[in-house]
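Chains as they are written, first to last, in the working numbering: chain A, 1 to 286; chain B, 1 to 280.
We treat Cβ as the ideally placed atom computed from N, Cα and C, and that holds for glycine.
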């Protein structure tokens, strides 16, 4: 049923950003004051078997902006990200307590299907993973096709739009039928971004999307993230603090499963309130 | 060069020669058997062999047309009955089952893989031939499919497990239902490996004699129904090889040659499939 799938794919987030009020608190101190909240994480704990990966995290991720999650390896930042589209559930033995509200809806509610959540919350992985048996265009459209969209004109339009959004169109428009894996590493990652964008998610999660890319490819992906935030909420996990500083409005610092500090990126890097954050961003550990 | 170095070099050369010798020793029987078969069988191959059914004992002439077709038919039956079960079982092991159940299923499949093929023949005799009141092509195909199921199941599982988890995750993150990812992405990625496994299984059952001796029985005429006995190359070879008539002995060699060629073609296609580069 293509209409239904289309409407799923088209439900772009209509975010009525409230007009900035003169005289309100400076945005530097109140990260969530300026806009709608995309994710409201309430007392979230995540366990893998007996190990606790996330400890009682409270966090409000604002919509229509880029939020970076930083922290040393093993601090739970990827787990926190994967909880946002229920991907962490794929790990055997994973369970959680607490709540995540996405625009007011409980992501883990009893009648909420993880498949539907993942259609609304797209994800880009650390290592680019285009499907090896599919061509470039098939890779971009696979999410729509396998969810029942058949309308050729619509698919063609979506293909071009998505590849343009991920700044790949000019490089691949003459080779759409070549295998997705024939592209370079940086192009493959942008192909994966186009694939995630093709289903028009409301939110895009990125799990260290540039850690396998060279500086030029990284710069392209970062430009892309900048361009996306006018239409999307982006949550990005990164090891690279310069990257967090470059692309994000807000930054959350995780350490050993706990959220240590969350605030405007500038504040986290220039004037952190917590000594642990300060030690990490100034490179004294991690 | 020091004395010690020379000694080491000598040792290394000796071991290399030994390894090459052992490798040749392994291949030698294959070469000998194949050339002997060619020598003995090729002279008996003629048009009649491929177009005629066997003549009465003692009469010269006739051929194994019915047995060649019968072997292909039995392989087809084994394919139809065995592959779906093995394939779905392999998908279950790789994509769904829990560690615990999988352990038991794998163990079961490995035990079944080791069951002597004559036991399958006896099992099918009891389960199918006796209740149906006679030997049949169906019973033969079923016996061969029993041999194929655990083989296909294990190879399917093995090649599906090799498909990187990242592809499943990428599919799930797009909101694609699990079963569609399995069919459209995982199976498609592992397709060559699955076909290879199926062809190897077919090659294995093509030459099986014991399980069909009890079930398909063999026949000297054309088979017209799944409920009738059917001729097969291995059975025909068996009877002709122990026959007192020289012409039948010669035809047994020819039949063995044809059978080897069928198996050879299967394994060659396996190699071609696994060597073929990813489609461009």
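Contacts of residue i in chain A (Cβ-Cβ under 7 angstroms)
i             : result
residue 184/B : 146
residue 188/B : 133
For residue j and residue i, the rounded distance between their alpha carbons
i             : j             : result
residue 155/A : residue 63/A  : 28 angstroms
residue 264/A : residue 178/A : 42 angstroms
residue 131/A : residue 172/A : 16 angstroms
residue 31/A  : residue 251/A : Legend: pLDDT at residue 31/A = 46, less than 50; position of this residue unreliable, no value from coordinates given.
residue 64/B  : residue 133/A : 43 angstroms
residue 229/A : residue 41/A  : 21 angstroms
residue 281/A : residue 247/A : 16 angstroms
residue 127/B : residue 92/B  : 27 angstroms
residue 240/A : residue 27/B  : 57 angstroms
residue 214/A : residue 205/A : 21 angstroms
residue 107/A : residue 121/A : 11 angstroms
residue 70/A  : residue 184/B : 36 angstroms
residue 48/B  : residue 200/B : 30 angstroms
residue 74/B  : residue 147/A : 40 angstroms
residue 98/B  : residue 107/B : 14 angstroms
residue 182/B : residue 156/B : 13 angstroms
residue 140/B : residue 200/A : 55 angstroms
residue 18/A  : residue 36/A  : Per-residue confidence for residue 18/A stands at a pLDDT of 41, beneath the threshold of 50, marking its modelled position as unreliable; the derived number appears in the next sentence. Roughly 8 angstroms separates the two Cα atoms.
residue 171/B : residue 42/B  : 54 angstroms
residue 181/A : residue 138/A : 12 angstroms
residue 23/A  : residue 119/A : Here residue 23/A scores only 39 on pLDDT, less than 50, and its place in the model should not be relied on; the value that follows carries that caveat. Distance between the alpha carbons of residue 23/A and residue 119/A is about 39 angstroms.
residue 62/B  : residue 84/B  : 38 angstroms
residue 48/A  : residue 105/B : 26 angstroms
residue 50/A  : residue 25/B  : 55 angstroms
residue 2/A   : residue 160/A : Note on residue 2/A: pLDDT 43, under 50, position unreliable in the model; the coordinate value appears next. Cα to Cα, the separation comes out at about 19 angstroms.
residue 143/A : residue 194/B : 25 angstroms
Listed by chain order, chain A residues near residue i by CB distance under 9 angstroms
i             : result
residue 169/B : 87, 90, 123, 125 and 129
residue 216/B : None at all; the shortest Cβ gap to chain A is about 39 angstroms.
Cutoff 6 angstroms; reference residue i; Cβ partners in own chain excluding five residues on either side
i             : result
residue 153/B : 86, 89, 90 and 109
residue 118/B : 210
residue 29/A  : With a pLDDT of 42 at residue 29/A, under the threshold of 50, the modelled position of this residue cannot be trusted; read the value that follows with caution. Nothing meets the Cβ criterion.
Beta-carbon neighbours of residue i, restricted to chain A and to distances below 8 angstroms
i             : result
residue 176/B : 115, 142, 143, 146 and 147
residue 180/B : 146
residue 166/B : 125, 127 and 129
Residues of its chain near residue i, where Cβ-Cβ distance is below 7 angstroms and the 5 sequence neighbours each way are ignored
i             : result
residue 192/B : 273 and 274
residue 221/A : 189, 190, 209, 210 and 213
residue 245/A : 265 and 269
residue 272/A : 261, 278 and 281
residue 278/B : Residue placement at residue 278/B cannot be trusted, given a pLDDT of 47 that sits under 50; what the coordinates show is reported in the next sentence. So no residue of the chain qualifies.
residue 203/B : 263, 266 and 267
Candidates the options, of which the one nearest residue i by Cα
i             : options                       : result
residue 321/A : 257/A, 207/A, 278/A and 255/A : The displayed coordinates of chain A run from 1 to 286. Any statement about residue 321/A would go beyond what the structure contains.
residue 100/A : 84/A, 111/A and 90/A          : 84/A
residue 276/B : 249/B, 196/B and 259/B        : 196/B
residue 72/A  : 126/A, 261/A and 256/A        : 256/A
residue 53/B  : 251/B, 267/B and 259/B        : 251/B
residue 263/B : 228/B, 78/B, 167/B and 205/B  : 205/B
residue 71/B  : 37/B, 261/B, 59/B and 8/B     : 261/B
residue 233/A : 127/A, 169/A and 65/A         : 65/A
Cβ-based neighbour list, residue i, same chain, cut-off 8 angstroms, excluding 5 preceding and 5 following
i             : result
residue 166/A : 190, 191, 193, 194, 197 and 224
residue 249/B : 240, 241 and 243
residue 220/B : 53, 54, 66 and 231
Where residue i meets chain B, residues with beta-carbon distance less than 7 angstroms
i             : result
residue 199/A : 174 and 175
Amino acids of chain B, ordered along the chain, whose beta-carbon sits closer than 9 angstroms to that of residue i
i             : result
residue 194/A : Within 9 angstroms Cβ-Cβ: nothing; residue 194/A doesn't reach chain B, min ~12 angstroms.
Proximal chain B residues relative to residue i, where beta-carbon distance stays under 8 angstroms
i             : result
residue 118/A : 172, 173, 174 and 175
**Item:** Start-end ranges of the beta strand (DSSP E) lying completely within the region 45 to 119 of chain A, minimum 3 residues
**Value:** Taking only runs of at least 3 residues, the beta strand (DSSP E) segments lying wholly in the region 45 to 119 of chain A are 51 to 62, 66 to 70 and 94 to 102.
**Prompt:** Counting only runs that start and end within the region 223 to 272 of chain B, where is the beta strand (DSSP E) found for 3 or more residues in a row?
**Reply:** Taking only runs of at least 3 residues, no beta strand (DSSP E) segment lies wholly in the region 223 to 272 of chain B.
**Request:** Below 7 angstroms between beta carbons is the criterion; list the residues of the region 83 to 102 of chain B that meet it against any residue of chain E, in chain order.
**Result:** No chain E is present in this structure, whose protein chains are A and B.
**Request:** Could you name each continuous beta strand (DSSP E) segment of 3 residues or more that falls completely within the region 239 to 279 of chain A, going from the start of the chain to the end?
**Result:** The region 239 to 279 of chain A contains these whole beta strand (DSSP E) runs: 250 to 255 and 258 to 264.
**Request:** Starting from the N-terminal side, write out each stretch of the beta strand (DSSP E) that is 3 residues or longer and does not extend beyond the region 205 to 242 of chain A.
**Result:** Taking only runs of at least 3 residues, the beta strand (DSSP E) segments lying wholly in the region 205 to 242 of chain A are 233 to 237.
**Request:** Enumerate, from N- to C-terminal direction, the unbroken alpha helix (DSSP H) stretches of 4 or more residues contained entirely within the region 4 to 66 of chain B.
**Result:** Counting whole runs of 4 or more residues, the region 4 to 66 of chain B contains the alpha helix (DSSP H) stretches 47 to 51.
**Prompt:** In chain order, which continuous runs of the alpha helix (DSSP H) of length 4 or greater are located wholly inside the region 93 to 137 of chain B?
**Reply:** Runs of the alpha helix (DSSP H) inside the region 93 to 137 of chain B: 99 to 114 and 117 to 124.
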